[in-house]
Amino acid sequence: MNTETLEEMAAKERAAASEIPVRLNVCASTSCLSRGADELTKTLNKQLRTAKQTKQCKVRSVGCMGLCAKGPMVEIECPAKPADDPESRQLLRGVTVEDADELLEHAMSGRKFERLDWPTDTPFFTRQHRIVLENSGLIDPERIEDYIARGGYAGLVKALTEYTPSQVIDEVARSGLRGRGGGGFPTGIKWATVAKSDGDRKYVICNADEGDPGAFMDRSVLDSDPHRVLEGMITAGYAVGASHAYIYVRGEYPLAILRLKRAINQAKRIGVLGTNLCDTPFAFDVEIRLGAGAFVCGEETALIASIEGRRGTPRPRPPYPASYGLWGKPTLINNVETFANIPWIMRHGGDALAAIGTERSKGTKVFALAGTIVNNGLIEVPMGITLREIVEEIGEGVPDGKAFKAVQTGGPSGGCIPAEHLDMPVDYESLVKAGSIMGSGGMVVMDETSNMVDVARFFMEFCKDESCGKCIPCRVGTSVMLDLLEKLCKKEAAPRDLELLKELCDVVRSTSLCGLGQTAPNPVLSTLRYFEDEYESALQPADEHGYALPVLQHT
Amino acid sequence: MARQKVPPTQALTLTIDDQTVTAKPGQTVMDVASEHGIDIPHLCYLDGLSIWGACRLCVVEVEGQRRLFSACSTEVAEGMVVSTDSPRLRHYRKVIVEMLFAERNHICAVCVSNGHCELQAMAQRLGVDHIHIPYLNPQLSVDSSHDRFRLDHHRCIVCTRCVRVCAEVEGASTKGMAGRGIMARIINDLNEPWGDSQTCTSCGKCVHVCPTGALVEKGTAAAEMQKRRQFLPYLTVMRDNNHD
Amino acid sequence: MTDASPTPTDAGPKKVTVATVWLDGCSGCHMSFLDIDERLIDLAQHIELVYSPIVDVKHPPAGTNLGLIEGAISNEEDAHKARMMREACGFLISLGDCAVTGNVPSMRNVFELGTVIDRAFRETADLQPQTPTVGVPPLLPKVMPVHEVVPVDLHLPGCPPPADAIYEVLSELIAGRTPDPLRLSRFGR
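Protein chains in written order, with this note's numbering: chain W, 241 to 795; chain X, 706 to 949; chain A, 199 to 387.
Below is the structure:
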């Protein structure tokens with residue numbers, strides 16, 4: 241494989257595409273599939289065959305288009321028309337099997353399908369900045385040719401043929417990219433540390449054990465553009481000197497697993513995975529490992545234990561995986577979205593990414609917009625955008641005329657941000673200052689009907705269920721805190737219960753072994769910070785020591 | 706984690722509780738502190754077994770670092786300034802011990818290990834005179850199926866010393882873990898009655914490393930179960946020597 | 199519910215008034231109190247026992263200096279008495295493991311209350327297998343240590359706390375010092 245062959249493949253693919261007058265791009269990502277996109281594709285294909293129009297119109301399965309709650313999404317594309325012609329593409333929402341005839345009729349005649357039209361000049365589309373999702377919804381995730389036609393693997397070939405490993409690391413460092421899994425550790429520094437670590441073998445691990453409630457960024461990237469993640473991993477392997485990699489995907493993502501498997505086979509076939517890549521001595525192999533549904537296995541040391549075949553529990557750090565990781569060897573662990581940024585950085589240069597975002601948070605971030613918001617779905621926005629722009633413009637606000645109350649970011653490790661902080665820029669530091677975290681990108685919007693004590697209870701129940709049980713503060717602390725929050729929700733708690741809850745938040749946060757326990761109190765702390773009145777009003781009448789006044793049960 | 710072997714000539718200087726001490730690279734804060742007469746509270750750590758880092762009692766403050774570090778797992782570094790005792794650490798340790806008492810049903814008065822229990826002694830040492838966390842009162846089981854030993858989950862603190870000694874010293878790997886979070890339990894083989902175990906050699910090491918009355922010899926009455934674990938450092942030292 | 203405070207019988211220095219109560223426990227802590235032996239005579243110079251299982255007074259008088267509670271809170275009467283003690287006494291001590299931790303009485307907590315009652319009064323009864331309701335206070339769903347019901351100022355663990363520990367705690371308090379109860383006792387001692 242070299243640049244010429246890659247360009248040849250891309251040109252061939254583009255030429256083949258332009259020969260077809262009309263393409264129907266049907267979303268084949270998890271949420272649209274769950275709404276019947278698969279059946280729709282089959283019906284469309286069948287009708288085209290019956291009408292003998294397969295030469296004039298082609299149905300393609302593509303990745304996520306973002307508006308997940310309005311699916312199945314279909315795009316009518318006329319590759320023959322120039323790309324800047326607004327009539328070259330039309331986006332349709334909620335297309336069902338019953339709409340197939342009408343859809344084909346409009347597609348073939350070139351008339352606009354007004355009934356199911358979804359305008360793309362709205363802020364939901366125009367305010368986004370797509371890097372990680374640049375191919376999402378545009379390519380067939382199961383065809384490597386589609387990926388290559390859009391510049392795929394060009395960054396890798398460039399890195400392997402024109403850059404030394406340390407130049408690749410410099411490029412990543414210059415981009416200012418920070419870990420997208422939640423921690424926000426500078427990716428360049430992490431790569432450099434692994435590269436410098438001494439070891440006869442090194443490993444690269446892609447953390448695809450996405451487990452935050454309401455978060456589906458990584459799943460969508462893997463569903464829609466699996467090669468992108470592979471390319472990032474191979475580039476990382478070259479940079480840090482690793483020859484073997486694992487993708488740790490949760491077993492609940494069967495579609496992502498299937499597409500990754502296909503992507504790995506295709507990458508081996510064209511020679512971007514295997515031995516002597518790009519005629520260099522560099523060899524790289526990727527294996528998939530399935531998670532069995534434990535949230536804690538998203539913690540890097542627990543994830544490593546799980547790959548090694550042991551019980552998925554974390555261990556104290558240091559030593560960090562960068563020096564003592566998988567099988568005791570130096571190991572680079574990055575999240576799906578972090579790897580998905582790498583091909584773009586290699587193609588456009590680190591400075592191009594550094595030009596986007598804020599002083600300390602560069603590039604873009606993918607968010608899964610969920611909860612009580614008009615536009616539920618997947619978005620990618622530049623760092624530094626305000627929460628208000630995300631919620632009110634991109635998300636188009638809270639439905640049914642209700643008032644916005646808070647947005648929860650960072651999953652069970654994060655916190656709730658109230659309306660008065662909506663003008664805060666979205667970057668790592670600002671979110672921490674507001675009592676939440678960037679996290680992996682879950683964003684759950686809540687309206688005025690949400691009870692914040694109950695929100696804290698929900699996340700605490702999640703943490704209690706997902707605690708591995710290894711360290712005492714997390715194992716016992718989450719259980720006791722959940723009991724206290726349940727008592728509060730039932731309005732049976734006394735002021736001293738609230739005091740104990742606050743005390744345990746501090747102990748669990750400061751003494752827990754891993755991030756799960758250390759951040760488990762965050763939903764309580766942030767709701768206490770902004771909505772303490774809701775806690776206070778749930779309390780029973782009490783004496784001056786905080787003990788509930790006795791109630792005579794038997795008279 | 707195996708201890709690294711390093712040339713004996715290298716030495717590091719660090720400060721523990723205002724004492725300037727020297728240490729070999731690869732030593733842990735716990736090792737160095739105990740060499741200098743500082744006994745950092747711990748329950749899951751046991752000399753001779755691998756580091757587990759789970760009880761969190763040995764957390765210490767390191768100057769310049771916001772988070773706390775477990776002394777058993779943290780290797781010393783040149784110029785490190787460690788504080789093993791402070792009001793904050795004392796408070797955390799106390800609450801952690803209280804959590805253990807609240808978690809399961811530790812009724813000291815009727816326990817065979819009464820008076821010989823590390824949890825009980827730790828409570829006394831750390832000033833735990835009552836448990837201000839509500840008791841969880843879980844309903845647990847007792848496995849008396851083994852001829853000589855008994856596993857009483859009511860008294861288990863899930864320190865996994867038994868799991869580690871069984872795998873690392875005896876080599877039988879009979880003991881393991883099942884369940885997660887508050888449901889985590891010590892099991893025998895694939896969660897079978899101990900008496901049915903095909904792998905257990907009945908060596909009794911698990912019983913003697915157990916800090917509480919969770920693993921005991923049968924036929925002991927209240928306060929009669931004394932643990933003997935002098936064998937452990939001896940065994941591991943002799944094995945290490947034979948490897949050299 | 200407040201009786202008049204008994205007036206000191208001699209004209210010595212004002213004595214510390216002490217109330218003790220026996221809730222769900224075995225009375226062993228009171229026995230241990232008596233095991234102070236001949237030092238009791240010395241102690242009697244400083245304290246006045248105003249309410250106790252061995253004093254025929256129905257309520258602890260208001261303004262009592264020191265209250266000692268033996269036993270866990272197992273039924274509504276226990277909870278009522280604990281509150282009564284808290285109200286009357288300036289300084290309240292949980293005496294012994296039952297009061298401090300729930301101890302043996304709390305061993306029923308792993309079962310549902312109904313199961314426990316059925317087992318005790320129906321399944322194992324030869325005569326009249328019925329749940330008693332006359333003349334007995336209703337049991338609480340869970341046995342609790344005293345500090346779950348009222349604030350406690352000092353916890354003296356032990357089953358029972360050794361006589362020496364009780365003596366030391368009392369004499370230190372009488373002398374106006376803060377005793378360290380864990381110096382001489384611990385859970386299960």
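We treat Cβ as the ideally placed atom computed from N, Cα and C, and that holds for glycine.
Quick one: residues in its chain with C-beta nearer than 8 angstroms to the C-beta of residue i, no 5 flanking neighbours on either side, listed in chain order?
i, result
"R284/A", "G265, L290, V348 and P349"
Within the present structure, is the beta-carbon of residue i separated from the nearest heavy atom of the ligand MG by less than 7 angstroms?
i, result
"L841/X", "Of ligands this structure carries none, so the ligand MG is not represented either."
Counting only beta-carbon separations shorter than 8 angstroms, does residue i have a partner in chain A?
i, result
"C816/X", "yes"
"Y852/X", "It should be noted that the sequence gives Asp, not Tyr, for residue 852/X. It does not: the Cβ of D852/X has no partner Cβ on chain A nearer than 8 angstroms."
"A883/X", "no"
"Y787/W", "yes"
"T795/W", "Residue confidence is low: T795/W scores 43 on pLDDT, short of 50, so the model does not pin down where it sits. No coordinate-derived value is stated."
"P790/W", "yes"
"D834/X", "yes"
Here's a check: name, in chain order, each residue in its chain whose Cβ is nearer than 6 angstroms to the Cβ of residue i, leaving out the five neighbours to either side.
i, result
"H851/X", "W899 and G900"
"A361/A", "S230, D233 and I234"
"R306/A", "V314"
Please report whether the beta-carbon of residue i lies at a distance below 8 angstroms from any beta-carbon of chain X.
i, result
"I712/W", "yes"
"C224/A", "no"
"M283/A", "no"
"G709/W", "yes"
"K436/W", "no"
"V716/W", "yes"
"R384/A", "yes"
"N273/A", "no"
"P339/A", "no"
Within the same chain, show all residues whose beta-carbon is closer than 7 angstroms to that of residue i, passing over the 5 residues directly before and after it, in chain order.
i, result
"R459/W", "T270, E450, Y493 and A496"
"E688/W", "K642, A643 and K645"
"L740/W", "L724"
"S791/X", "E766"
"V737/X", "I721, V726, A728 and V781"
Give the range of the beta strand (DSSP E) segment to which residue i is assigned.
i, result
"H796/X", "No beta strand (DSSP E) contains H796/X, which is instead part of the alpha helix (DSSP H) from P792 to E808."
"K298/W", "C297 to V302"
"D525/W", "D525 to G531"
"A643/W", "Premise fails: A643/W is in no beta strand (DSSP E) and is neither H nor E."
"N265/W", "V262 to C267"
"E315/W", "V314 to E317"
"V787/X", "V786 to S788"
"Y249/A", "I245 to Y249"
"A728/X", "Q724 to A728"
"L517/W", "That residue, L517/W, is in no beta strand (DSSP E); it is neither H nor E in DSSP."
Would residue i count as contacting chain W if we go by Cβ distances under 8 angstroms?
i, result
"L831/X", "no"
"G886/X", "yes"
"P330/A", "no"
"P349/A", "yes"
"T779/X", "yes"
"L841/X", "yes"
Provide the residue span of the alpha helix (DSSP H) that contains residue i, from first to last.
i, result
"F365/W", "P363 to T366"
"Y770/W", "N762 to E776"
"C867/X", "R866 to R869"
"C227/A", "G226 to L232"
"Y488/W", "No alpha helix (DSSP H) holds Y488/W; the beta strand (DSSP E) holding it covers H484 to R490."
Just checking, does the segment 804-817 of chain X make contact with the segment 837-848 of chain X on the three C-beta pairs under 8 angstroms criterion? Two segments are said to touch when three or more pairs of C-beta atoms, one from each, lie closer than 8 angstroms; by this definition the segment 804-817 of chain X touches the segment 837-848 of chain X.
Entirely enclosed alpha helix (DSSP H) segments - the segment 393-479 of chain W, minimum 4 residues: Within the segment 393-479 of chain W, the complete alpha helix (DSSP H) runs of at least 4 residues fall at 394-402, 405-415, 427-436 and 457-464.
Fully enclosed by the segment 553-615 of chain W, which alpha helix (DSSP H) runs are 4 residues long or longer? 576-588 and 590-594, all fully within the segment 553-615 of chain W.
Kindly confirm or deny that the segment 218-226 of chain A and the segment 256-273 of chain A touch, where touching means at least three C-beta pairs closer than 8 angstroms. Three or more Cβ pairs closer than 8 angstroms define a contact, and the segment 218-226 of chain A meets that threshold against the segment 256-273 of chain A.
Can you find at least 3 beta carbon pairs, one from the segment 881-895 of chain X and one from the segment 815-831 of chain X, that sit closer than 8 angstroms? Inter-segment contact for the segment 881-895 of chain X and the segment 815-831 of chain X is absent: fewer than three beta-carbon pairs are separated by less than 8 angstroms.
Which complete alpha helix (DSSP H) runs does the segment 871-917 of chain X hold, if anything under 4 residues is left out? Runs of the alpha helix (DSSP H) inside the segment 871-917 of chain X: 910-914.
Validate contact between the segment 664-678 of chain W and the segment 648-656 of chain W using beta carbons, cut 8 angstroms, 3 pairs: For the pair of segments examined, the segment 664-678 of chain W was found to touch the segment 648-656 of chain W: the number of CB pairs separated by less than 8 angstroms reaches three.
Which parts of the segment 643-681 of chain W are runs of the alpha helix (DSSP H), unbroken and 4 residues or longer, counting only runs that do not cross its ends? The segment 643-681 of chain W contains these whole alpha helix (DSSP H) runs: 668-673.
Is there contact between the segment 618-625 of chain W and the segment 595-603 of chain W, where contact requires at least three CB pairs shorter than 8 angstroms? Yes, since at least three Cβ pairs between the segment 618-625 of chain W and the segment 595-603 of chain W fall closer than 8 angstroms, the two stretches touch.
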